[in-house]
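S.K.:
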Amino acid sequence: MHITLNQQPQPVPPGWEDEPLLWLLREPLGLTGTRFGCGMGQCGACTVLIDGVAQRACLQTARGLQGRSITTIEGLAAPDGTLHPVQQAWLDLRVPQCGYCQSGQIMGAVALLRATPRPSDAQIDAAMSAHLCRCGTQHRVRAAIHQAAEGAKP
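In our numbering, the protein residues as written are 404 to 557.
1) Quick test of your reading: V498 and L452, contact by CB under 8 angstroms. State the CB separation rounded to the nearest angstrom.
2) Is the region 536-546 touching the region 469-481 in the sense that three or more CB pairs, one from each, lie closer than 8 angstroms?
3) Are the beta-carbon atoms belonging to Y503 and R429 less than 9 angstroms from one another?
4) Would you mind reading off the limits of the beta strand (DSSP E) that contains H405?
5) Please go through the same chain and pick out, in chain order, the residues whose beta-carbon is closer than 7 angstroms to the beta-carbon of I509, but skip the five residues on each side of it.
6) Could you tell me which of D454, C501 and E553 sits nearest to P522, measuring between CA atoms?
7) With 16 as the cutoff for other CB atoms within 10 Å, does T485 come out buried or exposed?
8) Taking the Cβ atom as the reference point for each residue, do Q469 and I406 lie within a distance shorter than 9 angstroms?
9) Under 7 angstroms Cβ to Cβ from G442, same chain only, skipping five residues before and after it: list those, please.
10) On a CA-only basis, which of H549, M531, A547 and T519 is nearest Q445? Give me that one, please.
11) When burial is assigned at 16 or more other CB atoms within 10 Å of the CB, is V456 buried or exposed?
12) With DSSP run on the structure shown, which of helix, strand or coil describes V451?
13) Which partner residues of S472 appear in the DSSP bridge assignment?
14) Tell me whether V498 counts as near the ligand ADP, meaning its Cβ is closer than 8 angstroms to at least one heavy atom of that ligand.
15) What residue from R517, N409, P414 and I548 has the CA that sits closest to A465's CA?
In structure tokens form, the structure reads like this:
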């Protein structure tokens, strides 16, 4: 069995077909950017893109993802290492404090911008409310998403 992961075909190791995608990514595949938060799909730390839509990796299995495209935080940067505009904005504006949930937030922001290239504050707040974060940097999250949308420099 194979899945498409970060634009590459990826064999699924035997015995991992029905395990949560989160653990498949982290354990046998070694992609640890996707984080475990709650294991119930509520916190957003494990967010990945499936066919460009933000989804919780803890609720998906590889068997259910055959023929679909999965992108993790490791797959956002260009092949030459240039960061995705959302990743760059996150760094430019020093969005995270602890950083634990940031990969999920970044993936959610990327999905938002793909669906809504110029989101309003209300649209950003609605989309990002699906990500639990206690660092209190929501204003910086909003600013980073606007920067990525505009291609602006800080």
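The C-beta atom is built at its ideal place from N, Cα and C for all residues, glycine as well.
M.R.: Put simply:
1) Locating residue 498 in the sequence shown gives position 95, counting from the first residue. Locating residue 452 in the sequence shown gives position 49, counting from the first residue. The pair is not a contact, with the Cβ atoms about 19 angstroms apart (cut-off 8 angstroms).
2) In this structure the region 469-481 does not touch the region 536-546; the number of beta carbon pairs closer than 8 angstroms is below three.
3) Sequence index remark: in the sequence shown, residue 503 carries index 100 (1-based). Sequence index remark: in the sequence shown, residue 429 carries index 26 (1-based). Contact annotation: Y503 and R429 have beta-carbon atoms that are not nearer than 9 angstroms.
4) Residue numbering aside, residue 405 sits at position 2 when the sequence shown is read from its first letter. Here the beta strand (DSSP E) through H405 covers H405 to L408.
5) Within the sequence shown, numbered from 1, the residue matching residue 509 stands at position 106. Non-local C-beta neighbours of I509 in its own chain, meaning closer than 7 angstroms and more than five positions away in sequence, comprise I476, V489, Q490 and W493, ordered along the chain.
6) In the sequence shown, counting from the first residue as 1, residue 522 sits at position 119. Checked all of D454, C501 and E553; the closest Cα to P522 is E553.
7) By one-based count along the sequence shown, residue 485 stands at place 82. It is exposed - the Cβ of T485 has fewer than 16 other Cβ atoms within 10 Å.
8) Along the sequence shown, one-based indexing puts residue 469 at 66. Along the sequence shown, one-based indexing puts residue 406 at 3. In this structure, I406 lies closer than 9 angstroms to Q469 by Cβ.
9) Sequence index remark: in the sequence shown, residue 442 carries index 39 (1-based). Correct list, in chain order: C461.
10) Position 42 of the sequence shown, counting from 1, holds the residue named residue 445. Comparing Cα positions, the closest option is M531.
11) Start at 1 with the first residue of the sequence shown, and residue 456 comes out as number 53. It counts as exposed.
12) Along the sequence shown, one-based indexing puts residue 451 at 48. When secondary structure is reduced to three states using DSSP, V451 falls in the strand class.
13) Numbered from 1 along the sequence shown, position 69 holds the residue referred to as residue 472. S472 pairs with T407.
14) The ligand ADP is not part of this structure, which contains no ligands at all.
15) Counting from 1 along the sequence shown, the entry for residue 465 is found at position 62. When only C-alpha atoms are compared, the closest one is P414.
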